[in-house]
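Below is one structure, written out as structure tokens, with a few remarks after it.
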Amino acid sequence: MEVCESIVCPFCGQASEVAIDTSVPSQRFTTDCEVCCRPFEVTVTCEPGEILGVETSSD
Ligand SMILES: [Zn+2]
């Protein structure tokens, strides 16, 4: 099941939405900010149907 979650770019503060597959309990991926175009890492913990926590890292 996919849930939309709002994430905030660690560089410019722009919020954007991503679809998270909540059937995967812990996941990490890299996305590009749509405003400043810099890549950042997103770490998500979830349980099926619900997102428990989202962290972004500028590494
Ligand atoms: Zn940005």
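The sequence shown runs 34 to 92 under this note's numbering. Built from N, CA and C at the ideal position, the CB exists for glycine as well. The model shown is predicted, which means the values in this text are computed figures rather than measured ones.
Three-state secondary structure (DSSP) of residue i
{"i": "V68", "result": "coil"}
{"i": "F73", "result": "strand"}
Burial state of residue i (16 or more Cβ within 10 Å)
{"i": "V57", "result": "exposed"}
{"i": "T63", "result": "exposed"}
{"i": "S76", "result": "At residue 76 the sequence reads Thr, which differs from the Ser that was named. Answer is exposed; the Cβ neighbour count stays below 16."}
{"i": "C42", "result": "buried"}
{"i": "C69", "result": "exposed"}
Where the beta strand (DSSP E) through residue i begins and ends
{"i": "V87", "result": "83-90"}
{"i": "C124", "result": "As displayed, the chain neither begins before 34 nor continues past 92, which places residue 124 out of reach and without an answer."}
{"i": "S49", "result": "48-54"}
Discussion item. Which residues end up in the neighbourhood of ligand 1 when you take C-beta atoms closer than 5 Å to any of its heavy atoms?
Written reply: In chain order, the qualifying residues are C42, F44, C45, Q47, C66, V68, C69.
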